[in-house]
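Report on the structure given below.
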Amino acid sequence: MMPVRSIEIAGSTVRVFPSASLACVAAADFITRTIQEATEARGRAVLGLATGHTPLPVYKRLVALHRAGEVSFRDVSTYNLDEYYPIAPTDLQSYRTYMDRHLFDHLDIPPNRTHLFDGTVPEAFVADYAATFDRWIAAEGGLDLQLLGIGRNGHIGFNEPSDVSVHEALRLPSRLMALHPITLADAAADFGDEGLVPRRALTIGVAPILAARSILVLAFGPKKAEILAQALRGPMTAEVPASLLQSARARVTWLVDEAAAARLG
Ligand code: GLP
0 MMPVRSIEIA GSTVRVFPSA SLACVAAADF ITRTIQEATE ARGRAVLGLA
50 TGHTPLPVYK RLVALHRAGE VSFRDVSTYN LDEYYPIAPT DLQSYRTYMD
100 RHLFDHLDIP PNRTHLFDGT VPEAFVADYA ATFDRWIAAE GGLDLQLLGI
150 GRNGHIGFNE PSDVSVHEAL RLPSRLMALH PITLADAAAD FGDEGLVPRR
200 ALTIGVAPIL AARSILVLAF GPKKAEILAQ ALRGPMTAEV PASLLQSARA
250 RVTWLVDEAA AARLG
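Structure, rendered in structure tokens:
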């Protein structure tokens, strides 16, 4: 088996695994350690979680570790990156359904500590509501760890590419976003048809993501190779939101497979 190699790109650490499943085992171990260290130090752990296809094996592994008695989520709070808007939490395609089904229903986490944006908030209140999320996270003492995937267009959460300055991009708060055409196309399979994908979503902003004490980014497969190279080797730009992670590089760990690393050199 090929060994795990570490590449240093302009101060960012990238760990390249022979397969996505091995990277996911490492991610689950990293999360478990974070929970143990944070609960020992502060009596609780606050995790930022992601959806999409990428983290599914991580959640499977966390459930297995919990069942084996290796980790408890009793003192954990979670904040998810994003939710479609509008959508009911009970909708099969909602991220609330995804998180309950793949993770929360199988853990000892208190249900009132799993936070996802509610996609039913009336439009007149949605901006205030999104801003409240940032205050909740701050009131919990900030995120111990943010788990991230990366969209084919470089989005993190649903912070989509835009033409704002880097200065503004780094300060983007949680908010309602219009989804980018690539995001809509990629979500089509989950909804059965692109026309059924909600056009907007609530997302945790760039600023609260970057404020996490540690950030774990996962990228797997050949479809992520080009955007990964842009995020790590390109300039910081709001056109590639994942490139903004360079501003927190000392706190970011990239876990990728060989296929995604193909253009890193
Ligand atoms: C999704 C999510 C993101 C996720 C990204 C990549 O739409 N909103 O949080 O990281 O797009 O998705 P996937 O892991 O399926 O490639």
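Note that numbering that gives the first Met the number 0 has the sequence shown beginning at 0, numbered continuously upward. For every residue, glycine included, the Cβ atom is placed at its ideal position computed from N, Cα and C. Since we're looking at a predicted model, the values are computed, not measured.
Subject >> Where W135 falls, given that 16 or more other Cβ within 10 Å makes a residue buried >> reply: With fewer than 16 other Cβ atoms inside 10 Å of its own Cβ, W135 counts as exposed.
Original post:
For W253, which residues of its own chain have a beta-carbon under 6 Å away from its beta-carbon, when the five flanking residues on both sides are left out?
Top reply: V13, V216
Original post:
By Cβ distance, which residues of its chain are closer than 8 Å to S164, with the 5 residues on each side in sequence left out?
Top reply: A237
Original post:
Which one of A224, I181, D117 has the shortest CA to CA distance from E257?
Top reply: For the residues A224, I181, D117, the minimum Cα distance to E257 belongs to A224.
Original post:
The alpha helix (DSSP H) spanning V216 covers which residue range?
Top reply: First-last for V216: 214-218, but that is the beta strand (DSSP E), not the alpha helix (DSSP H).
Original post:
Which runs of the alpha helix (DSSP H) spanning at least 4 residues fall entirely within the stretch 147-185, listed in chain order?
Top reply: 165-168
Original post:
What is the DSSP secondary structure of R4, reduced to helix, strand or coil?
Top reply: strand
Subject >> Per-residue DSSP class, three states only, for L46 >> reply: strand
**OP:** Closer than 6 Å by C-beta to Y58: which residues in its own chain qualify, once you throw out the five before and the five after it? Chain order, please.
**Re:** H101, L102
**OP:** Would you please state the rounded distance, in angstroms, between the beta carbons of G204 and D133? I believe it to be under 8 Å.
**Re:** 7 Å
Original post:
Out of curiosity, what's the CA-to-CA distance linking A138 and G42?
Top reply: Put simply, the backbone Cα of A138 is about 15 Å away from that of G42.
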